[in-house]
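With the first letter of the sequence shown counted as 1, position 74 gets the number 64 in our numbering; the numbers rise by one all the way through. The C-beta atom is built at its ideal place from N, Cα and C for all residues, glycine as well. Predicted model, so just to flag it, every value in this text is computed and none were measured. Right, one structure below, let's go through it.
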Amino acid sequence: ELNQVKVWAAACANCHGTNGKAQEGMESLAGKSEEDLYKKLIAFKTGKAPATIMHQLSKGYTDEQLKQMSAYFAAQPK
């Protein structure tokens, strides 16, 4: 199951970096609050949060998959 989450999370690496450590100018996800990450992803998915590409990307995952990815990034060291 963790391997599957890593596959999903790899899709985030272009902007947010490997294991959630982003390049300059992008938001790092590593070590952030799981709850906050999940709330942001749901806000993108429902169109309630402003975004460029996250609206489309988040719609490609179920809420449970987004929850698992939030937990994965929250568990990564900052």
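Got a sec? Which residues, its chain only, sit under 7 Å from Q55 by beta carbon, not counting five neighbours each side? Position 65 of the sequence shown, counting from 1, holds the residue named residue 55. Result list for Q55: W(-2), in chain order.
A20, DSSP secondary structure in three states: The residue given as residue 20 occupies position 30 in the sequence shown. Reduced to three states, the DSSP call for A20 is coil.
If we count the other Cβ atoms within 10 Å of its Cβ and call it buried at 16 or more, is S23 buried or exposed? Along the sequence shown, one-based indexing puts residue 23 at 33. Result: exposed.
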